[in-house]
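**Q** When the letters of the sequence shown are read in order and numbered with our numbering, they come out as residues 488 to 697. Don't be surprised by glycine CBs; every beta carbon is placed ideally from N, CA and C. Dropping the structure in here first, questions after.
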Amino acid sequence: MELQTWLAFFAACWVISLSPGAGAIASMSSGLQYGFWRGYWNALGLQLGLALQIAIVGAGVGAILTASATAFHAIKWFGVAYLVYLAIKQWRALPMDMSDDAAVRPIGRPMALVFRGFLVNISNPKALVFMLAVLPQFINPHAPLLIQYVVIGVTMICVDLIVMAGYTGLASKVLRLLRTPTQQKRMNRTFAGLFIGAAAFMATLRKAAA
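So, in structure tokens, the structure goes:
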């Protein structure tokens, strides 16, 4: 991959990662609930989902999924259902009394958070279709494809890890300002609403628009 091509792709990665989406919402939700270091396991799961999507596009399977209405809708509605599930879980989350400085955050299981992040990314057909449309523009078909996709994957994952660290860290700092259970309850319901919004947006996706 030529340097100019990589720099253009590098810039595009920042725009893509900074755009608010289900991954950003999930990262902020995890940071709010578990703090930065524990909540950041969610971001690692997001990257596993991203890596698998890149591998799917690189293997050409993405074109098959895009052509199949059944596969597209199956992935889409699974994603919608999972985001609604996260919204319900967030809505029901119990607030903590932060008036006591000795209070501790709940301990989320790392692998559960990784799996949660993985499902958020891998169940988003828009991301798969988007990468299928965008990634080939940065690929030189006359050069070895594997190394190019490896460079693309590493670049996207590194950028996204930095961006999701920002989202997770910002939310974990916000938690310190939420001193009462009432404030935390409102924040939990705000994130629940954001998850519902992301699910509603995903539900409007149509294969024809891809």
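Mind reading off the beta-carbon distance from A513 to N529? Whole number of angstroms is fine, and I expect it under 8 Å.
**A** That pair is a contact at about 6 Å.
**Q** Secondary structure at G532, three-state DSSP: helix, strand or coil?
**A** DSSP places G532 in helix when its eight states are reduced to three.
**Q** For R596, does the three-state DSSP call read helix, strand or coil?
**A** In the structure shown, R596 sits in coil (DSSP, three-state: anything other than H, G, I, E or B).
**Q** Run through DSSP, which three-state label would N611 get?
**A** Here N611 sits in coil by DSSP.
**Q** Given that a residue counts as buried once 16 or more other Cβ atoms are within 10 Å of its Cβ, and exposed if not, what is V661?
**A** Result: exposed.
**Q** What separation, rounded to the nearest whole angstrom, lies between the Cα atoms of L519 and L664?
**A** If you take the alpha carbons of L519 and L664, they lie about 11 Å apart.
**Q** Specify the secondary structure class of G547 as computed by DSSP and reduced to three states.
**A** Note: G547 maps to coil in three-state DSSP.
**Q** DSSP three-state label for M585, please.
**A** Reliability of the predicted coordinates at M585 is poor, the pLDDT of 49 falling under 50, and no value is obtained from them.
**Q** Does the Cβ-Cβ distance between M488 and T655 come in under 8 Å?
**A** Result no, Cβ atoms of M488 and T655 do not sit closer than 8 Å.
**Q** Would you give the residue range spanned by the alpha helix (DSSP H) that L505 belongs to?
**A** Its alpha helix (DSSP H) spans residues L490 to L505.
**Q** Comparing alpha-carbon positions, which option in Q491, W493, Q671 and L537 lies nearest M651?
**A** Of Q491, W493, Q671 and L537, the residue nearest in Cα terms is L537.
**Q** I'd like the span of the alpha helix (DSSP H) that includes Q520, first residue to last.
**A** Here the alpha helix (DSSP H) through Q520 covers A509 to Y521.
**Q** Going by C-alpha to C-alpha distance, which of K672, A687 and G684 sits closest to R579?
**A** Ranking K672, A687 and G684 by Cα distance to R579 puts K672 first.
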